[in-house]
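Asker: The numbering of the sequence shown is this note's numbering, which starts it at 8 and goes up by one.
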Amino acid sequence: MDSEQLREYGHQMVDFIADYYKSIESFSVLSQVKPGYLRELLPDAAPKHPESLQDVLNDVQQKIIPGVTHWQSPDYFAYYPSNSSTAGFLGEMLSAGFNIVGFSWVTSPAATELEVIVLDWLAKILKLPNEFLSSGQGGGVIQGTASEAILVVLLAARDKVLRKIGRNSLEKLVVYASDQTHSALQKACQIAGIYPENFRVLKADSSTNYALIPYQLHEAIINDLSSGFIPFFLCATVGTTSSAAVDPLSDLGKIAKANDIWFHVDAAYAGSACICPEYRHHIDGIEEATSFGMNAHKWLLTNFDCSLLWVKDRSALIQSLSTNPEFLKNKASQENTVVDFKDWQIPLGRRFRSLKLWMVLRLYGVENLQSYIRNHIKLAEQFMQLITSDPRFEVVAPRTFSLVCFRLVPPEGDQDNGYKLNYNLLDAVNTSGKIFISHTVLSGKYILRFAVGAPLTEESHVKAAWKVLQDQATILLRE
Ligand code: PLP
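Below, the structure is given as structure tokens:
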């Protein structure tokens, strides 16, 4: 890299991105382009000769930005957030600048050691049990996504049990979760070779606010044991994807422990809220868990990707995922005095992602991060009050964090119980380009999701979003 060119281009690029953020509210939040739009705008082949950065940036402005959905817009309320911040962005820059590949300690000692330290820091902020700290048998690691985190712990759990009962027992292994668990678990089961018919998807409904019922788990395990199956993995969620439901960790964990089942807790979104003392109780019972995951890249101001995973027994991961080819052998690894994160993940290569989280923790400090979370939860409460002030709408699941699930109440005798009405409302608000929200289905009802969590969102944006929803509802109900 030519340092002078980097300096010049780097300034230009940072200015470009800063200008993007300055004008972010002028764009349609949800991109409105049609499939294949870009093919018509870009040449068929790569240029033979170099072009200027300015020409490329002009194309970004004119051709790429129209096809970007603006996750960082303050009017973004879809899915769950994917935060960026100056601190996270600077960490990302630093990581790109060093561009190391830190698979083993020796390939960049600072990358491994900072990751160990920062994950210990966050474990302490979350008040995770000491067994998750690197000082004992456990520790934390940064994965790309919560899906990867679930996959690696499932593999570790699978291999641990197969080592005990024999490799040809795979067909007997059973996985448990609720029907609100993220589809990442199903994918992990497919990859891990778990027999599809051995994935017990337990029904959660409005009677428990969509949380998994421990008794159902207990019954399912008893049934499976009596039929000769081997229960081995339970995934609970704190902050489910559809409605932010919280599974009862303590009770589930006790059942898992009694049956020697690996207990993973997926708090991809809501884990961030648990840095606040008043929300920490949502992970009470985490003492019973074998592993715990949360995405700092969702709601903790750390640019994507930065998914945090802690395990109590790192050797289970390592035994499942470690390889030791000649070309990677080195003194430190062989003396067994260091962590080699290549053995805690699927790929070999890994980026210096801990820099991002380190920058965020240092440039904000825990207190500011807590205020950040509290502010979003307050805005979600305000949005909920607006919903309840208009009898045409109803809130359909309790609000626990910064997600509000609601819908337009269907007229009496409506044939599909408001499905089409709310589908059309979603479509209308999202094609307006003014806000972006998403949907789910709960107990057969089509539900709209309003997730506060973009860093730039303020009260005025929430109020403006409510006005968009009300106006579109008025038009639809008139029709
Ligand atoms: N788990 C939960 C509870 C989620 O809400 C999500 C995504 O929203 C995931 C897992 C998947 O996250 P990732 O994209 O990091 O794999």
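C-beta: ideal position from N, C-alpha, C; glycine also.
Say the cut is 7 Å; is the CB of residue 302 nearer than that to a heavy atom of ligand 2?
Answerer: Here the bound small molecules are ligand 1; ligand 2 is not part of this structure.
Asker: Output yes if chain C places a C-beta closer than 8 Å to the C-beta of residue 306; else output no.
Answerer: Chain labels in this structure do not include chain C; a single protein chain is all it has.
Asker: So the alpha helix (DSSP H) residue 388 belongs to, where does it begin and stop?
Answerer: Its alpha helix (DSSP H) spans residues 373-395.
Asker: Any heavy atom of ligand 1 closer than 7 Å to the Cβ of residue 189?
Answerer: Yes; taking the cut-off as 7 Å, the Cβ of residue 189 has a heavy atom of ligand 1 nearer than that.
Asker: Check the DSSP bridge columns for residue 301 and list the partner residues they point to.
Answerer: Residue 301 is bridged to 315.
Asker: Spatial neighbours of residue 186 within its chain, please: CB distance less than 8 Å, with the 5 preceding and 5 following residues excluded, ordered by chain position.
Answerer: Here the set comprises 208, 209, 210 and 211.
Asker: Taking residue 74 as the reference, which of 148, 40, 8 and 256 has the closest Cα?
Answerer: Nearest of 148, 40, 8 and 256 to residue 74, Cα basis: 40.
Asker: In angstroms with no decimal places, state the Cα-to-Cα distance between residue 354 and residue 109.
Answerer: Approximately 11 Å between the Cα atoms of the pair.
Asker: Using the beta-carbon count (16 or more within 10 Å), is residue 323 buried or exposed?
Answerer: The residue is buried, with at least 16 neighbouring Cβ atoms inside 10 Å.
Asker: Could you pull the DSSP bridge partners for residue 244 from this structure?
Answerer: Partner(s): 273.
Asker: CB of residue 246 to nearest heavy atom of ligand 1: below 7 Å?
Answerer: Residue 246 Cβ: within cutoff of ligand 1.
Asker: Among the residues of its own chain, which have a CB less than 8 Å from the CB of residue 264, if the five just before and after it don't count?
Answerer: Around residue 264: 270 and 295.
Asker: Under 7 Å from any heavy atom of ligand 1, does the C-beta of residue 445 make it?
Answerer: No.
Asker: In whole angstroms, what is the alpha-carbon distance linking residue 98 and residue 276?
Answerer: If you take the alpha carbons of residue 98 and residue 276, they lie about 21 Å apart.
Asker: Can you check which of these residues, 390, 408, 329 and 301, is closest to residue 364 by C-alpha distance?
Answerer: When each option's Cα is compared against that of residue 364, the closest is 301.
Asker: Are the CB atoms of residue 458 and residue 87 nearer to each other than 8 Å?
Answerer: Going by C-beta atoms, residue 458 is nearer than 8 Å to residue 87.
Asker: The alpha helix (DSSP H) that contains residue 468, what's its start and end?
Answerer: Per DSSP, residue 468 belongs to the alpha helix (DSSP H) from 466-485.
Asker: Quick one: does the C-beta of residue 314 sit closer than 7 Å to a heavy atom of ligand 1?
Answerer: Correct: residue 314 has its Cβ closer than 7 Å to ligand 1.
Asker: Would you check if the distance between the CB atom of residue 248 and the CB atom of residue 289 is smaller than 8 Å?
Answerer: It is not a contact, given that the beta carbons lie outside the stated cut-off.
Asker: Residue 255 by DSSP, collapsed to three states: which one?
Answerer: In this structure, residue 255 counts as coil in the three-state DSSP scheme.
Asker: Using CA coordinates, which residue listed in 297, 259, 316 and 258 is at the minimum distance from residue 279?
Answerer: Ranking the options by Cα distance to residue 279, first place goes to 316.
Asker: Check residue 458 in the structure and name its three-state DSSP category.
Answerer: Strand at residue 458.
Asker: Report the three-state DSSP secondary structure of residue 184 (helix, strand or coil).
Answerer: Residue 184: strand per DSSP, three-state reduction.
Asker: Between the Cα of residue 36 and the Cα atoms of 437, 268 and 117, which residue gives the shortest distance?
Answerer: It is 437 whose Cα lies nearest to the Cα of residue 36.
Asker: Excluding sequence positions up to five away, which residues of its chain have a Cβ less than 6 Å from the Cβ of residue 160?
Answerer: Excluding sequence neighbours, residue 160 sits near 271 and 298.
Asker: Is residue 273 near ligand 1 - that is, is its Cβ less than 7 Å away from at least one heavy atom of it?
Answerer: Yes, since a heavy atom of ligand 1 falls inside the 7 Å radius drawn around the Cβ of residue 273.
Asker: For the beta strand (DSSP E) containing residue 448, list its first residue and its last residue.
Answerer: Residue 448 -> beta strand (DSSP E) spans 445-449.
Asker: Around the Cβ of residue 330, are there at least 16 other Cβ atoms within 10 angstroms (buried) or fewer (exposed)?
Answerer: With fewer than 16 Cβ atoms within 10 Å of its Cβ, residue 330 is classed as exposed.
Asker: With 16 as the cutoff for other CB atoms within 10 Å, does residue 372 come out buried or exposed?
Answerer: By the neighbour-count rule (16 or more Cβ atoms within 10 Å), residue 372 is not buried but exposed.
Asker: Give me, in chain order, the residues of the same chain whose beta-carbon lies closer than 8 Å to that of residue 327; leave out the 5 immediate sequence neighbours on both sides.
Answerer: Once the five neighbours on either side are set aside, the close Cβ partners of residue 327 are 159, 162, 163, 165, 166 and 167.
Asker: Taking the alpha carbon of residue 176 as the reference point, which residue from 461, 205, 148 and 139 has its own alpha carbon closest?
Answerer: That would be 205, whose Cα lies nearest to the Cα of residue 176.
Asker: Is any heavy atom in ligand 1 found nearer than 7 Å to the beta carbon of residue 222?
Answerer: No, Cβ of residue 222 sits at least 7 Å from all heavy atoms of ligand 1.
Asker: For residue 422, report the span of its alpha helix (DSSP H) as first-last.
Answerer: Run containing residue 422: none; DSSP gives neither H nor E here.
Asker: Would you be able to state if there are at least three C-beta pairs under 8 Å between the region 128-136 and the region 111-119?
Answerer: Touching, no, given that fewer than three Cβ pairs across the two stretches are closer than 8 Å.
Asker: Any chance the CB of residue 329 is under 7 Å from a heavy atom of ligand 1?
Answerer: Answer for residue 329: no, Cβ out of range of ligand 1.
Asker: Going by C-alpha to C-alpha distance, which of 432, 101, 197 and 252 sits closest to residue 454?
Answerer: Comparing Cα positions, the closest option is 432.
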